[in-house]
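Working notes for the structure below.
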Amino acid sequence: MTTSTSAPPFAPLSSAPAAGPRVPCIGVFDSGVGGLTVLKALREQLPGVPLHYVADTAHAPYGDRSSAYIVERSVRIAEHLRHLGARMAVVACNTATAHAVQAMRERWPDWPVVGIEPGVKPAVAATRNGRIGVMATTATIASRRFEQLVEAHARDVQLISQPCPGLVSLIEQGDLRSAELGDLIERYCAPLREAGVDTVLLGCTHYPLVQSRIQAALGEHVTLLNIEDAVARQARRVWEGLGIATSGDATVALESTGDPTPLQRLAREALGWSDVVATRAVT
Ligand code: DGL
Numbered sequence: 007m008t009t010s011t012s013a014p015p016f017a018p019l020s021s022a023p024a025a026g027p028r029v030p031c032i033g034v035f036d037s038g039v040g041g042l043t044v045l046k047a048l049r050e051q052l053p054g055v056p057l058h059y060v061a062d063t064a065h066a067p068y069g070d071r072s073s074a075y076i077v078e079r080s081v082r083i084a085e086h087l088r089h090l091g092a093r094m095a096v097v098a099c100n101t102a103t104a105h106a107v108q109a110m111r112e113r114w115p116d117w118p119v120v121g122i123e124p125g126v127k128p129a130v131a132a133t134r135n136g137r138i139g140v141m142a143t144t145a146t147i148a149s150r151r152f153e154q155l156v157e158a159h160a161r162d163v164q165l166i167s168q169p170c171p172g173l174v175s176l177i178e179q180g181d182l183r184s185a186e187l188g189d190l191i192e193r194y195c196a197p198l199r200e201a202g203v204d205t206v207l208l209g210c211t212h213y214p215l216v217q218s219r220i221q222a223a224l225g226e227h228v229t230l231l232n233i234e235d236a237v238a239r240q241a242r243r244v245w246e247g248l249g250i251a252t253s254g255d256a257t258v259a260l261e262s263t264g265d266p267t268p269l270q271r272l273a274r275e276a277l278g279w280s281d282v283v284a285t286r287a288v289t
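Right, here's the structure in full:
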């Protein structure tokens, strides 16, 4: 992991909301396009609630960064979302959840924050042969929170953690069919295949975007688990508990701290949101 001591090159986020009053919304963020998989599930669970998504593209991937860097970026984006009217946050990134969710909750104790973590518990329930694989970023696998999840739920199974450096960067480039991406997926799936796992957790929100390629590399007999839908259901419960009335059009706003084009293209192509527009969040 990068552990630079010099100040990270944080680009300032625009804190000016679009024209008009602040509409209560759910703020969602990820290091990049991966969180769109969570956003889609949120849209299905909460069709009447405005969603505001930030992809921190200019600073992706988070998975090779230090914990301090991930915390600083997450807090910066959360401040931006709060300014835009977000009444709660969904951290659509396993890496940011592992490193930053606690800092966010300590900073804003009355602001609900829902995170996403590798579904170790459901994987233990699903495995038939007691061998589970976890594909995630280097920073997620190195985190104390992941260690605690394994200690709490996976003591009686064999759990093989597979860090996947480089995978997020290639997915961010947008060519989900490239040979280079296929080679990297094969490199990370081979050890899991050889270990004979029958269940694999996709512990990064980018990976469901290439789920069919991971499935092909592991074999059809392997069950792939991701928990985007469960996170969206949890977010719905929290939102409903806030008792906020929403009316009118529930918009989905997309922002990127870098080039918004790949975010917009993927939202249109992979999610089928044909008229969605992504804008740049950097001033
Ligand atoms: N989608 C993020 C996650 O779930 C990717 C992290 C990264 O940028 O490396 O962990």
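With this note's numbering applied, the sequence shown corresponds to residues 7 to 289, in that order.
Cβ coordinates follow ideal geometry from the N, Cα and C atoms, glycine included.
Quantities reported herein were computed from a predicted structural model and do not represent experimental measurements.
As assigned by DSSP and simplified to three states, the class of residue i
i	result
R286	strand
I122	coil
C170	coil
S262	strand
Y68	coil
I138	strand
V60	strand
L277	coil
L176	helix
T8	Its pLDDT being 38, under 50, T8 is placed unreliably in this model, and the coordinates cannot settle the point.
A251	coil
G41	coil
S218	helix
Cβ-Cβ separation, residue j to residue i (assumed contact under 8 Å), whole Å
i	j	result
G69	A145	5 Å
H86	V60	7 Å
V96	I32	6 Å
G41	T257	G41 to T257, Cβ: 17 Å. No contact.
V244	V120	6 Å
I122	V237	5 Å
A142	C170	7 Å
V77	A109	5 Å
Closer than 6 Å: residue i CB and nearest the ligand DGL heavy atom
i	result
V282	no
P169	no
V174	yes
T143	yes
G136	no
A238	no
N100	yes
T211	yes
P67	yes
D36	yes
G40	yes
Residue i, buried or exposed, once every other Cβ within 10 Å from all chains shown has been counted against 16
i	result
R150	exposed
V283	exposed
S167	buried
G247	exposed
H227	exposed
A251	exposed
N135	exposed
G264	buried
S253	exposed
T267	exposed
Paired residues, beta bridge with residue i - DSSP
i	result
V97	F35
T317	Nothing about residue 317 can be reported from this structure: the residues present for the chain run from 7 to 289 only.
A92	C31
L165	I138
beta-carbon residue i near the ligand SAH non-hydrogen atom, thresh 6 Å
i	result
I122	By its list of ligands, the structure shown excludes the ligand SAH, since it contains just the ligand DGL.
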